[in-house]
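Okay, so here's the structure we're looking at.
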Amino acid sequence: MGQVTKEDLQLALKAWELAREKALAQQDKLGGFLKKKHEQIKLDQEGLARSQISTGWSHQMAKRDPDYAATFDHAALTAAVKEMEDRGQAYLDLKEKFIDQQRP
């Protein structure tokens, strides 16, 4: 990469902000699922499956072991957090290059 501009920094920061929002949304989604699962622990598996379907899970996914859904959401959260960390590091690297460019 050649010269780092303020626009490059702004784009990298925006990418990090979007990744952060995605990670927070995944965290909320997992938390919501776990709360619902906890509230419905006494329901039979079919009742839980109906609940999962009503919150956006496919019928096939809901029929699987209920723990699978939590594992799936946890994997999505882990990926979103990794993306956020990668975007943050990319921003910090660009910022360091930008600062170095400003030195005489």
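Numbering follows the working numbering, in which position 42 of the sequence shown is assigned residue number 42; successive positions increment by one, without gaps. Glycine residues also receive a C-beta, built at the ideal position from the N, C-alpha and C atoms.
Item: Same chain, Cβ closer than 7 Å to L94, five either side skipped, listed in chain order; Value: V4, D8, L9, A12
Item: Beta-carbon proximity list for R103, same chain, < 6 Å, skipping 5 on both sides; Value: none
Item: DSSP three-state assignment for V81, whether helix, strand or coil; Value: helix
Item: Three-state secondary structure (DSSP) of R103; Value: coil
Item: 8 Å contact criterion, which A23 and A80 should meet: CB distance rounded; Value: 4 Å
Item: Classification of L92 by the beta-carbon crowding that lies within 10 angstroms, buried from 16 upward; Value: exposed
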